[in-house]
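Numbering (this note's numbering), first residue to last: 1 to 72.
Beta carbons: idealized from backbone N, C-alpha and C, even for Gly.
Remember, it's a predicted structure, so these values are computed and weren't measured experimentally.
Remarks on the structure that follows.
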């Protein structure tokens, strides 16, 4: 659903129009949701909702990969 909204040029969070081509905006200026991030492997800027990096094909980070392991 998020990628479909982005394809229409609207924020998936608040559904307001956003300029996705502006490389300075990684977050929605209206609601603050993250729209772009960077690949952990090649650092290419990519959609925050993409499952894989368009530049190198590396799988995007998952939420579980970002959570510290409490048993360590």
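Would you report the Cα separation of residue 45 and residue 27, rounded to the nearest angstrom? Taking the chain shown and counting its residues from 1, the one referred to as residue 45 is at position 45. Taking the chain shown and counting its residues from 1, the one referred to as residue 27 is at position 27. Roughly 13 Å between the two C-alpha positions.
Neighbourhood of residue 14 by C-beta, 8 Å cutoff - its chain only, sequence neighbours within 5 removed: Stepping through the chain shown from its first residue, residue 14 is reached at position 14. Only 28, 30, 31, 33 meet the Cβ criterion.
Which residues DSSP lists as bridging residue 23, in chain order: Position 23 of the chain shown holds residue 23. Residue 23 is not bridged to any residue.
Residue 5, enclosing alpha helix (DSSP H) - first and last residue: Residue 5 sits at position 5 when you count from the first residue of the chain shown. Taken as a continuous stretch (DSSP letters only), the alpha helix (DSSP H) holding residue 5 covers 2 to 7.
Within the continuous beta strand (DSSP E) that includes residue 45, where are the two ends? By 1-based counting over the chain shown, the position of residue 45 is 45. Where residue 45 is concerned, the enclosing beta strand (DSSP E) stretches over 45 to 47.
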